[in-house]
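Engineer: First, the structure itself, so that you have it in front of you.
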Amino acid sequence: MRPNIGAVRQAEKPSNSPALQRRLAAPELLRRRRVARSLIVWFARNSRDLPWRRTHDPYAIWISEIMLQQTQVKTVIPYFERWMRQLPTLAAFARARPQKVLKLWEGLGYYSRVRHAQAAAQVIMRRHGGRFPRNFDDILALPGIGRYTAGAISSIAFNQPAPILDGNVIRVLSRIFGVEGNPRDKQTNATLWQLARDLVSIDPARCSDLNQSLMELGALVCTPRQMKCAVCPVRKFCFALREDRLAEFPMRPPRAPATERRFMAFVARKQNRFLVRQRLGGAVNAHLWEFPNVEIAVKEEKDGKDNKHRAFQIAQARPICRIRHSITRHRILLEAYHARAAGETPGVWKTIPQLKHLPFVSAHRKILAILARDAFMAVH
Ligand code: SF4
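With the numbering used here, the residue at position 10 of the sequence shown is 10, and numbering never jumps.
Listed below in structure tokens is the structure:
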């Protein structure tokens, strides 16, 4: 199929079967209908019972979709349930204190998602009278909502045949239809959107199930590695399986090599209070809390020129903990040390119970957990 590159906006508008019939040859149309039908039947029998699938409330569906970006379902479930208990309505979310919102999001990462979401909730209160907009373009115009999320809300909450395309759907469609090329390239991406649009248009009454079946197949069966082709509902139609080219789809350019980075965090204590600071707006993880820390450049460390942390004196050579984590292609080692603040240092002094109420950067929350555990052990 020739990709419809010039119709990106058009792609959000649902086509219908007569339009598909005009554009696609009969065998290809029949194949897509069978793919769509197989997916819908499979989804009815195999979909997981997830809390956001028990509702058609667009607010709940929107929150679940934002949480699920870059995050696994099993991680999201307790976050989602706690969120809906504490901020059960769009109005409650719109007026919530930003620190409360960050605390509810603490640990999910990519905090700009939730900041944009709260801005969107406030726009809905102001411009749409507190009712979640049903129109696709109105949803897409909200802060932080892209084509995928707008399509997911339109189809799942309002049963409108809008396509979706995320990592799972890209993988599934690339393999079934043998879509060659990097999915991020404009032409390949347009081809994938067109396929997603064709499938969701085949039976507009079942568009919610169709979109969710693509997501679910990508999560449970057509996974990045160790795909379960033997139980896949579309194996009869799958190009990658037929051609024995499973590892080739979706095609990706080679990854940039990972960068090693090292940070030192300083745990300064005054009686039962610890020094912490809040990240500035505009920084990564803006407005979250952390222990004072510096990045140690590998070269400086080797040359013995590491004097960036002169505001603190290390009190014990052995670190409290070493925490390894990754952010995109950065492999980060964070070492936390007991330290003495040398003179006036920016930040605030707080007790452990007070710190537990603040939204912390994930790696620093682990340091806090160790301090809390040690404090507990000291009195028991
Ligand atoms: S047959 Fe295998 S590769 Fe093809 S869609 Fe199913 S799980 Fe994915």
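The beta-carbon is built from N, C-alpha and C at its ideal position, and this holds for glycine as well.
If we require 4 or more residues per run, which alpha helix (DSSP H) segments fall completely within the segment 46–101?
Structural biologist: If we require 4 residues or more, the alpha helix (DSSP H) runs fully inside the segment 46–101 come out as 58–68, 73–86, 90–95.
Engineer: Using C-beta distances below 6 Å, list every residue in its chain close to residue 229, excluding the 5 sequence neighbours before and after it, in chain order.
Structural biologist: So the list reads 235, 241, once near-sequence residues are dropped.
Engineer: Flag this pair as yes or no: are the beta carbons of residue 338 and residue 375 separated by less than 8 Å?
Structural biologist: No, these two residues do not count as a Cβ contact at 8 Å.
Engineer: Sort 158, 239, 128, 312 by Cα distance to residue 294 and report the nearest one.
Structural biologist: Looking at the Cα atoms, 312 is the closest of the given residues.
Engineer: Which residue wins for smallest C-alpha separation from residue 164, given the options 145, 178, 181, 182?
Structural biologist: Among 145, 178, 181, 182, the Cα nearest to that of residue 164 is on 145.
Engineer: Is the segment 65–83 close to the segment 27–34, with three or more CB pairs under 8 Å?
Structural biologist: Judged by Cβ distances under 8 Å, the segment 65–83 makes no contact with the segment 27–34, as fewer than three pairs qualify.
Engineer: Quick test of your reading: residue 102 and residue 93, contact by CB under 8 Å. State the CB separation rounded to the nearest angstrom.
Structural biologist: With a Cβ gap of about 13 Å, residue 102 and residue 93 do not count as contacting.
Engineer: In terms of residue numbering, what span does the beta strand (DSSP E) encompassing residue 259 cover?
Structural biologist: 259–270 is the span of the beta strand (DSSP E), which, as asked, contains residue 259.
Engineer: If you draw a straight line from the C-alpha of residue 9 to the C-alpha of residue 190, how long is it?
Structural biologist: Here residue 9 scores only 33 on pLDDT, less than 50, and its place in the model is too uncertain to base an answer on.
Engineer: Taking 7 Å as the cut-off, is the CB of residue 240 close to at least one heavy atom of the ligand SF4?
Structural biologist: Yes - the ligand SF4 has a heavy atom lying nearer than 7 Å to the Cβ of residue 240.
Engineer: Does the Cβ of residue 307 have 16 or more other Cβ atoms within 10 Å, making it buried, or fewer, making it exposed?
Structural biologist: Residue placement at residue 307 is flagged as unreliable, the pLDDT there being 47, under the threshold of 50; the coordinate-derived value follows with that caveat. Residue 307 is exposed by the Cβ-count criterion.
Engineer: With distances taken Cα to Cα, identify the nearest neighbour of residue 310 among 239, 292, 320, 50.
Structural biologist: Of the listed residues, the one whose Cα sits closest to residue 310 is 292.
Engineer: Identify whether residue 293 lies in helix, strand or coil by the three-state DSSP scheme.
Structural biologist: The answer is strand: DSSP assigns residue 293 an E or B state.
Engineer: How would you write the range of the alpha helix (DSSP H) that residue 354 sits in, first residue to last?
Structural biologist: First-last of the alpha helix (DSSP H) with residue 354: 352–356.
Engineer: Assign residue 43 to one of three DSSP states: helix, strand, or coil.
Structural biologist: Correct three-state label for residue 43: helix.
Engineer: Are three or more beta carbon pairs between the segment 172–182 and the segment 113–129 nearer than 8 Å?
Structural biologist: Judged by Cβ distances under 8 Å, the segment 172–182 makes no contact with the segment 113–129, as fewer than three pairs qualify.
Engineer: What's the gap between the Cα of residue 24 and the Cα of residue 198?
Structural biologist: Approximately 10 Å between the Cα atoms of the pair.
Engineer: If you measure from the beta carbon of residue 380 to each beta carbon in chain D, is any gap under 8 Å?
Structural biologist: Included in the structure is just one protein chain, with no chain D present.
Engineer: Who are the near neighbours of residue 259 in its chain, counting only those whose CB is closer than 8 Å to its CB and skipping five residues on each side?
Structural biologist: Excluding residues within five positions, the ones whose Cβ falls inside 8 Å are 329, 330, 331.
Engineer: Given residue 151, which residues of its chain have a CB within under 6 Å of its CB, disregarding the five upstream and five downstream residues?
Structural biologist: So the list reads 162, 163, 164, once near-sequence residues are dropped.
Engineer: Quick one: is residue 364 buried, meaning 16 or more other Cβ sit within 10 Å of its Cβ, or exposed?
Structural biologist: With 16 or more Cβ atoms within 10 Å of its Cβ, residue 364 is classed as buried.
Engineer: Within 10 angstroms of its Cβ, does residue 75 collect 16 or more other Cβ (buried), or is it exposed?
Structural biologist: The residue in question, residue 75, is exposed, as its Cβ has fewer than 16 Cβ neighbours within 10 Å.
Engineer: Tell me, which residues are paired with residue 313 by DSSP?
Structural biologist: DSSP output for residue 313 lists 340 as bridge partner(s).
Engineer: Within its chain, find whatever has a CB closer than 7 Å to the CB of residue 42; leave out the 5 residues flanking it on each side and keep chain order.
Structural biologist: The answer, listed in chain order, is 213, 233.
Engineer: Check for me: the alpha helix (DSSP H) holding residue 383 runs from which residue to which?
Structural biologist: Shown here, the chain extends from 1 to 380; a query on residue 383 therefore has no answer.
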